[in-house]
Amino acid sequence: MVIEDLVREITSVWQTDEPRHHKPTPVDEARAGLNIVEQSLWKAVPHYLHCVSNALKKVSHWETGKSLRLKCTPIRFGSWMRGDQDGNLNVTANVTKDVSLLSRWMTIDLYIREVDSLKFELSMNWCSDSLSKLAQEILEHGMTYCSYFQWSLILAAWYHVETTKA
1 MVIEDLVREI
11 TSVWQTDEPR
21 HHKPTPVDEA
31 RAGLNIVEQS
41 LWKAVPHYLH
51 CVSNALKKVS
61 HWETGKSLRL
71 KCTPIRFGSW
81 MRGDQDGNLN
91 VTANVTKDVS
101 LLSRWMTIDL
111 YIREVDSLKF
121 ELSMNWCSDS
131 LSKLAQEILE
141 HGMTYCSYFQ
151 WSLILAAWYH
161 VETTKA
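Under the UniProt record's numbering, the first residue of the sequence shown is numbered 1, with each subsequent residue one higher.
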């Protein structure tokens with residue numbers, strides 16, 4: 001499996017032209033950036049943070065005995081995606097809107113795939129009263145009630161419950 005994946009990747013790179021025949025659009029660049037997030041960072045960053053967390057518990061001279069807090073963010077990413085309007089004339093309001101929608105769609109898609117993979121580990125067919133109440137409050141007050149990240153998680157959880165109903 002690993003060898004086949006390597007052969008496929010090497011063949012893909014080998015058969016790809018090095019020079020571009022046209023300049024990438026801002027949306028093309030955003031897609032490439034989002035692809036890096038999906039293909040590399042989505043699994044690698046949590047894995048790395050898990051390793052750091054375990055190491056912190058074990059390192060004797062720090063003697064913390066504690067893992068990283070759940071909301072700890074030692075790694076932050078920045079990108080022009082959705083906001084490079086200060087110098088690139090090709091980044092119009094419509095391009096910003098398209099990239100923003102693409103980013104949102106990809107975020108929700110990644111969360112939905114994660115929830116789908118959890119179906120095999122969990123047998124959730126109902127939601128807790130607190131999740132149900134929070135979802136109802138969000139529906140009543142709009143998305144500004146909670147962060148985009150929280151909204152994505154709630155949407156993914158709702159999707160899981162709805163798609164696993166008998």
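Ideal placement from N, C-alpha and C gives every residue a C-beta, glycine not left out.
- Taking all protein chains shown into account, alanine 44 has fewer than 16 neighbouring C-beta atoms within 10 Å of its C-beta and is therefore exposed.
- Residue burial annotation: proline 74 is exposed, with fewer than 16 other C-beta atoms found within 10 angstroms of its C-beta.
- Counting C-beta pairs closer than 8 Å gives fewer than three between the segment 34 to 53 and the segment 5 to 13, which falls short of the contact rule.
- Contact check between the segment 20 to 31 and the segment 44 to 58: fewer than three CB pairs, one atom from each, fall below 8 Å, which does not count as touching.
- Annotation: methionine 106 to glutamate 29 spans about 15 Å, alpha carbon to alpha carbon.
- As the crow flies, the alpha-carbon of tryptophan 126 is around 9 Å from that of serine 132.
- In this structure, lysine 66 and lysine 57 form a Cβ contact; the two beta carbons are roughly 7 Å apart against a cut-off of 8 Å.
- The C-beta of leucine 34 has 16 or more other C-beta atoms within 10 Å across all chains shown, which makes the residue buried.
- In the three-state DSSP reduction, leucine 68 falls in the coil class, being neither helix nor strand.
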